[in-house]
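Heads up, the final residue of the sequence shown is numbered 622 in our numbering, and it's a clean run with no missing numbers. Input: a single structure, listed below in structure tokens.
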Amino acid sequence: MLGVALALAAGIGRTPAGQAAEAWYYDLWHVLAGVRYTPAHTALVVVDDETLVFLKDDPLAFWAPHFGKALQTIDRAGAKVVGLDFLYQVSAESWLRKLDLPDSAISRNYDGPLRAALASGNKILISHLVQPKSGEAQLLLPPPDQRYLLPRGISDLGIANLHTDGDGFVRQFFAFLDPDPGRPGVGFGMQLALRAADKDPLATGWEIAGRTWSREARPVAIRYAGPPGTVPAVPMSALLRGDASTNPAVRALKDRVVIVAATDAGSSDRQFTPYSRGMRGDQMSGGEIHANIVETILSGRHPGRMPAPLELAYLLVLIACATTLFFRLDPARSAFVAGAIAVAAAVPAYAAFHLDWIVPVAGVQGGVAAAFLLSLSLRLTGEERERRRIRQMFGRYVSDEVVEKLLSEERRPDLGGDLHTVTVLFSDIRNFTTISEKLSAHEVVEMLNAYFTRVCEPILAEGGTVDKFIGDAVMAVFGSPLAHPDHARRALRAALGMANAAGAFAPWMAARFPGRGLPEFAIGIGVNTGSAVIGDIGTPRRREFTAIGDTVNAASRLESATKALGWVIAAGESTVVAAGPGVRTGRAQQVNVKGKSERLAVYEIISLDGPVH
Numbered sequence: 010m011l012g013v014a015l016a017l018a019a020g021i022g023r024t025p026a027g028q029a030a031e032a033w034y035y036d037l038w039h040v041l042a043g044v045r046y047t048p049a050h051t052a053l054v055v056v057d058d059e060t061l062v063f064l065k066d067d068p069l070a071f072w073a074p075h076f077g078k079a080l081q082t083i084d085r086a087g088a089k090v091v092g093l094d095f096l097y098q099v100s101a102e103s104w105l106r107k108l109d110l111p112d113s114a115i116s117r118n119y120d121g122p123l124r125a126a127l128a129s130g131n132k133i134l135i136s137h138l139v140q141p142k143s144g145e146a147q148l149l150l151p152p153p154d155q156r157y158l159l160p161r162g163i164s165d166l167g168i169a170n171l172h173t174d175g176d177g178f179v180r181q182f183f184a185f186l187d188p189d190p191g192r193p194g195v196g197f198g199m200q201l202a203l204r205a206a207d208k209d210p211l212a213t214g215w216e217i218a219g220r221t222w223s224r225e226a227r228p229v230a231i232r233y234a235g236p237p238g239t240v241p242a243v244p245m246s247a248l249l250r251g252d253a254s255t256n257p258a259v260r261a262l263k264d265r266v267v268i269v270a271a272t273d274a275g276s277s278d279r280q281f282t283p284y285s286r287g288m289r290g291d292q293m294s295g296g297e298i299h300a301n302i303v304e305t306i307l308s309g310r311h312p313g314r315m316p317a318p319l320e321l322a323y324l325l326v327l328i329a330c331a332t333t334l335f336f337r338l339d340p341a342r343s344a345f346v347a348g349a350i351a352v353a354a355a356v357p358a359y360a361a362f363h364l365d366w367i368v369p370v371a372g373v374q375g376g377v378a379a380a381f382l383l384s385l386s387l388r389l390t391g392e393e394r395e396r397r398r399i400r401q402m403f404g405r406y407v408s409d410e411v412v413e414k415l416l417s418e419e420r421r422p423d424l425g426g427d428l429h430t431v432t433v434l435f436s437d438i439r440n441f442t443t444i445s446e447k448l449s450a451h452e453v454v455e456m457l458n459a460y461f462t463r464v465c466e467p468i469l470a471e472g473g474t475v476d477k478f479i480g481d482a483v484m485a486v487f488g489s490p491l492a493h494p495d496h497a498r499r500a501l502r503a504a505l506g507m508a509n510a511a512g513a514f515a516p517w518m519a520a521r522f523p524g525r526g527l528p529e530f531a532i533g534i535g536v537n538t539g540s541a542v543i544g545d546i547g548t549p550r551r552r553e554f555t556a557i558g559d560t561v562n563a564a565s566r567l568e569s570a571t572k573a574l575g576w577v578i579a580a581g582e583s584t585v586v587a588a589g590p591g592v593r594t595g596r597a598q599q600v601n602v603k604g605k606s607e608r609l610a611v612y613e614i615i616s617l618d619g620p621v622h
């Protein structure tokens with residue numbers, strides 16, 4: 010069972026539903042954590058609504074001079090490298106030439122400021138991978154007259170595509186989309202990070218901040234700094250003003266990787282991130298996501314799953330503990346424990362999240378749920394077997410009410426044997442040998458069945474157990490298997506009821522067997538209270554749940570003594586004392602009981618306060 014639950018817990022994270030659940034928890038940790046750290050390596054220069062108003066007279070397609078001026082201001086501020094998250098497939102100058110307008114200095118030099126900024130180096134332009142509905146994927150590149158100005162050629166290009174999971178959220182990035190250094194296959198964020206770390210982008214591998222990177226197309230989790238707006242941002246309009254060099258926000262761009270990107274209300278470059286969950290969740294601009302990717306690379310820290318052996322050990326410990334509790338507790342409490350563990354599993358996962366470990370939660374919950382259901386199934390199957398066994402064992406000797414109450418109790422009888430304080434009752438028919446000699450075998454059986462049917466009713470009515478029939482004798486036990494604090498009083502009440510039943514049975518005998526010369530029908534009853542061993546006793550092929558011990562023997566001897574004493578009911582002193590007030594006794598006598606060296610105080614039972622069944 011543990012193996013099944015463990016396999017389910019380990020495998021649930023590989024299923025679509027399990028991955029969706031784990032992703033939900035992963036996103037929740039981001040929302041709960043809020044701002045996780047202050048970005049130390051990146052900053053944004055944003056084309057926001059303020060910038061659009063500032064440059065409202067110029068179409069965006071003709072912003073090349075403004076971008077050039079902004080890039081030069083960023084250079085003067087001392088930025089390490091600048092990434093321009095805008096893709097123009099044709100320059101303004103080329104487009105103007107297509108219109109066949111008269112040649113002029115303006116049309117020839119319109120893009121001059123941008124060309125100068127690109128030629129100065131430390132600029133990364135974006136390319137974009139697109140997949141037409143028909144045909145192979147294509148890489149959209151900046152216009153040739155911009156690419157030719159880049160000092161490092163394709164090493165000054167970065168692919169800006171963001172990787173989305175199946176639910177449309179950006180949680181991971183690809184540092185490389187094409188391992189061939191001869192093609193422009195480096196991700197935008199990775200290209201910026203390589204330039205900031207002064208690494209050769211054409212190499213086959215790098216070590217940055219203690220982590221090794223190779224040209225492999227594998228997903229890496231983004232270590233987001235916080236919700237949208239966490240990465241410091243400066244409006245591009247601030248860089249175009251005359252006081253830009255003295256602006257503290259501009260001067261703070263020193264030694265940072267600066268990404269120029271759009272964040273205005275009309276921008277379509279917005280993506281869902283883990284911080285997009287919840288009522289107040291918002292999408293994050295593509296430029297800020299790229300900034301978080303750069304932070305992830307340059308910090309040398311990114312979230313990762315637990316190593317498989319450690320994760321398996323973690324799941325094993327939790328599920329093993331849960332399974333142990335499920336078998337020790339009743340189903341209701343087990344369900345509560347299962348729910349508590351499912352909720353508590355979030356605590357170590359959230360704590361590990363702050364250490365950049367991704368610890369499973371849905372896997373734990375699935376494994377615990379499986380362990381609970383499997384244990385419940387096994388317990389119900391075993392419980393049903395146990396219930397059938399108890400019904401089979403006790404159903405013939407106790408009332409249905411006693412059986413149901415016995416089954417409803419948490420503590421079942423110890424069939425292996427246990428010591429209990431009980432009251433034992435024995436009764437037999439007077440002159441049974443003489444009666445049986447005067448009746449046929451069939452008539453004896455008929456008589457006994459009719460007699461036992463009547464005489465056992467008071468026993469069952471008082472919650473006693475008809476332990477066995479020994480010829481014409483009846484042995485009953487009160488106080489086991491169902492414990493009754495007043496077992497002695499119940500036994501005396503049953504004895505009086507049996508005596509009444511025997512008196513009512515005498516006319517039946519006379520009417521059923523007239524003229525047979527039968528002695529008058531009468532019974533004797535002995536009752537004694539004390540300790541007895543109760544258990545399932547016998548051979549593997551023939552067993553019975555019974556009581557043995559000195560108390561049982563004494564009750565049998567007291568029943569035998571009623572013949573000499575001339576009493577109907579003889580009870581030991583221990584029974585009279587245990588029964589409490591209201592017991593009316595007749596004669597009292599000290600008798601010698603076979604098997605006991607001391608004389609036993611015996612009382613004749615006349616009546617008992619309260620109704621007698």
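Note that the Cβ used here is the ideal one computed from N, Cα and C, for glycine as well.
query: The beta strand (DSSP E) enclosing Lys477, as first and last residue numbers; result: 474–479
query: Contact check, Val577 vs Tyr612, beta carbons under 8 Å; result: no
query: For Ile306, the nearest candidate out of Ala218, Gly376, Leu321 (CA to CA); result: Ala218
query: Member of Lys572, Ala485, Phe530, Glu529 whose CA lies at the smallest distance from the CA of Asn537; result: Ala485
query: Start and end residues, alpha helix (DSSP H) containing Ser223; result: Here Ser223 belongs to no alpha helix (DSSP H); instead the beta strand (DSSP E) covers 220–223.
query: DSSP three-state assignment for Ala26, whether helix, strand or coil; result: helix
query: Gly290 versus Gly177: straight-line alpha-carbon distance, rounded; result: 14 Å
query: Those residues which DSSP pairs with Ala234 across a bridge; result: Partner(s): none; Ala234 has no beta bridge.
query: Cβ distance (whole Å) where Asp264 is taken to contact Gly87 below 8 Å; result: 6 Å
query: Entirely enclosed beta strand (DSSP E) segments - the segment 162–206, minimum 3 residues; result: 166–168, 181–183
query: Residue(s) in a DSSP beta bridge with Ile578; result: Ile534
query: Own chain, CB closer than 6 Å to Ile557, minus 5 neighbours either side, in chain order; result: Val542
query: Cα-Cα separation, Ala482 to Ala510; result: 15 Å
query: Backbone secondary structure at Pro528 - three-state DSSP; result: coil
query: Buried versus exposed call for Val44 [16 or more other C-beta atoms within 10 Å across all chains shown]; result: exposed
query: Closest by C-alpha distance to Gly589, when choosing among Ala497, Thr571, Asn601; result: Ala497
query: Supposed contact pair Val269 and Thr64 - C-beta distance, whole angstroms, cut 8 Å; result: Note that residue 64 corresponds to Leu in the displayed sequence, not to Thr. About 14 Å separates the two Cβ atoms, so there is no contact after all.
query: Nearest residue (CA-CA) to Gly191, options Ile614, Pro151, Phe336, Ala212; result: Ala212
query: Burial state of Ser246, where buried means 16 or more other Cβ atoms lie within 10 Å; result: buried
query: Cross-strand partners of Val6 (DSSP beta bridge); result: The chain is shown only over 10 to 622; residue 6 falls outside these bounds and no answer can be derived.
query: Inter-stretch contact (C-beta, 8 Å, three-pair minimum) for the segment 342–350 and the segment 282–299; result: no
query: Same chain, Cβ closer than 6 Å to Ala331, five either side skipped, listed in chain order; result: Ile350, Val377, Ala380
query: Member of Gln200, Trp38, Ala492, Leu149 whose CA lies at the smallest distance from the CA of Arg161; result: Gln200
query: Cβ shell of Arg260 (< 7 Å), same chain only, five flanking positions each side left out; result: Ala86
query: For Ile546 and Thr555, believed in contact at Cβ under 8 Å, the rounded distance; result: 6 Å
query: Through-space distance from Ala354 to Asp374, alpha-carbon basis; result: A quick correction: the sequence has Gln, not Asp, at residue 374. Each residue's alpha carbon lies about 7 Å from the other.
query: Where Glu31 falls, given that 16 or more other Cβ within 10 Å makes a residue buried; result: buried
query: Host beta strand (DSSP E) of Leu8 (start-end); result: Here the chain covers residues 10 to 622 and nothing more, so residue 8 does not appear.
query: Assigned exposure category for His451 - 16 Cβ within 10 Å defines buried; result: exposed
query: Nearest neighbour of Arg232, chosen from Arg310, Val90, Val54 [CA to CA]; result: Arg310
query: Alpha-carbon to alpha-carbon, Leu334 and Glu471; result: 38 Å
query: Environment of Leu262 [buried if 16+ CB atoms lie within 10 Å]; result: buried
query: Close beta carbons around Phe514, own chain, < 8 Å, minus the five adjacent residues each side; result: Ala459, Tyr460, Arg463, Val464, Phe530
query: Beta-bridge pairing of Trp366 - partner residues as DSSP gives them; result: Gly313
query: Limits of the unbroken alpha helix (DSSP H) element including Leu469; result: 450–470
query: Own chain partners of His172 with C-beta closer than 8 Å, once the 5 adjacent residues on each side are dropped; result: Val179, Gln181, Phe182, Phe183, Pro228
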